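Visitor:
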Amino acid sequence: MKAIHGFVKTIAGERKLRRGLRKELVKVGIEGPVEMAELCRRIGESRGRPIKLVAFPMEVPGPCGAWLSASSGDYIVFQSETTRIHQEHIIAHELGHILSGHRAEPDEEEIWSRFMPDLDPGVIRRLLKRTQYDSVREREAETIATLLLERSLVVRLLDEPGSSRTRRMRHVLGEARGWL
Numbered sequence: 006m007k008a009i010h011g012f013v014k015t016i017a018g019e020r021k022l023r024r025g026l027r028k029e030l031v032k033v034g035i036e037g038p039v040e041m042a043e044l045c046r047r048i049g050e051s052r053g054r055p056i057k058l059v060a061f062p063m064e065v066p067g068p069c070g071a072w073l074s075a076s077s078g079d080y081i082v083f084q085s086e087t088t089r090i091h092q093e094h095i096i097a098h099e100l101g102h103i104l105s106g107h108r109a110e111p112d113e114e115e116i117w118s119r120f121m122p123d124l125d126p127g128v129i130r131r132l133l134k135r136t137q138y139d140s141v142r143e144r145e146a147e148t149i150a151t152l153l154l155e156r157s158l159v160v161r162l163l164d165e166p167g168s169s170r171t172r173r174m175r176h177v178l179g180e181a182r183g184w185l
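Heads up: the sequence shown is residues 6 to 185, going by the working numbering.
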């Protein structure tokens with residue numbers, strides 16, 4: 006899987022990022038909103054590295070999620086003590102780092118070791134854990150998270166089984182061209 010990058014300071018940059026994300030998702034067979042676990046499974050398969058989701062009670066205030074790249078695959082650790090929609094946003098943000106091909110900064114292994122002292126520091130190669138979105142890569146990951154979630158949220162909110170309007174909206178929003 007090719008890393009997607011976009012300079013998100015401009016609308017044109019966001020469009021470029023959106024197009025790149027759409028291409029990558031179509032490559033892995035995703036043409037509409039899917040559950041977050043399924044999205045992770047397909048992206049992991051495509052990359053040849055499974056993505057495992059780990060709910061973990063994190064300190065508040067503090068980071069809500071982290072991405073750990075180990076020899077056995079990638080781990081997305083997310084706050085267990087929050088709402089489902091917030092958890093999905095955290096996971097989507099960390100997927101944004103993975104899809105963008107971001108790398109860890111040198112001190113992140115030390116940060117992870119303090120965060121989970123039982124974890125062998127030799128296993129840690131990559132960790133992305135942020136509470137601010139002031140770097141280009143954080144904005145990129147956050148934009149990807151927003152793109153992944155914006156349509157699926159609308160589809161979920163329009164879940165009135167008997168309404169013909171809801172069925173039409175779900176059909177339109179679920180279309181491959183309408184999702185991203």
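Glycine included, every Cβ here is placed at the ideal spot set by N, Cα and C. This structure is a prediction, so every number in the text was calculated from the model and none was measured.
Give me the residue from Arg144, Val65, Asp79 and Ala17 with the minimum Cα distance to Glu86.
Guide: Checking every option, the nearest Cα to that of Glu86 belongs to Val65.
Visitor: Measure the C-alpha to C-alpha separation of Gly37 and Ser76 and round it to an integer number of angstroms.
Guide: Approximately 31 Å between the Cα atoms of the pair.
Visitor: Can you give me the start and stop residues for the beta strand (DSSP E) that Gly34 sits inside?
Guide: Careful: Gly34 lies outside any beta strand (DSSP E) and carries neither H nor E.
Visitor: Specify the secondary structure class of Gly70 as computed by DSSP and reduced to three states.
Guide: In this structure, Gly70 counts as strand in the three-state DSSP scheme.
Visitor: Need the endpoints of the beta strand (DSSP E) that Gly78 sits in, please.
Guide: First-last of the beta strand (DSSP E) with Gly78: Gly78 to Gln84.
Visitor: May I have the straight-line CA-CA distance separating Ala150 from Met41, to the nearest angstrom?
Guide: Distance between the alpha carbons of Ala150 and Met41: 11 Å.
Visitor: With DSSP as the reference, label Val59 as helix, strand or coil.
Guide: It is a strand residue.
Visitor: Could you say which of Val82, Val39 and Gly34 lies nearest to Ile95 if we only look at CA atoms?
Guide: Comparing Cα positions, the closest option is Val82.
Visitor: Count the other C-beta atoms from every protein chain shown that fall within 10 angstroms of the C-beta of Ile16, then say buried if there are 16 or more, exposed otherwise.
Guide: Flag for Ile16 reads exposed.
Visitor: Taking 8 Å as the limit between beta carbons, can you name the residues of its chain near Gly78, skipping five residues before and five after?
Guide: Only Gly49, Arg54, Pro55, Ile56 and Lys57 meet the Cβ criterion.
Visitor: Have a look at Arg144 and Pro62 and give me their C-alpha separation to the nearest angstrom.
Guide: Cα-Cα distance, rounded: 25 Å.
Visitor: Can you tell me where the alpha helix (DSSP H) with Glu99 in it begins and where it stops?
Guide: Arg89 to Ser105 is the span of the alpha helix (DSSP H), which, as asked, contains Glu99.
Visitor: Assign Ile90 to buried or exposed, taking buried as 16 or more other Cβ atoms, counted over all protein chains shown, within 10 Å of its Cβ.
Guide: Exposed, by the Cβ-count rule.
Visitor: Name the DSSP bridge partner or partners of Ala75?
Guide: According to DSSP, Ala75 bridges with Gly78.
Visitor: Between the alpha carbons of Leu30 and Glu155, how many angstroms are there, rounded?
Guide: Their backbone Cα atoms lie some 15 Å apart in a straight line.
Visitor: Taking C-beta to C-beta, are Gly70 and His107 nearer than 9 Å?
Guide: In this structure, His107 does not lie closer than 9 Å to Gly70 by Cβ.
Visitor: Closer than 8 Å by C-beta to Val33: which residues in its own chain qualify, once you throw out the five before and the five after it? Chain order, please.
Guide: Once the five neighbours on either side are set aside, the close Cβ partners of Val33 are Met6, Arg47, Ile48, Glu50 and Ser51.
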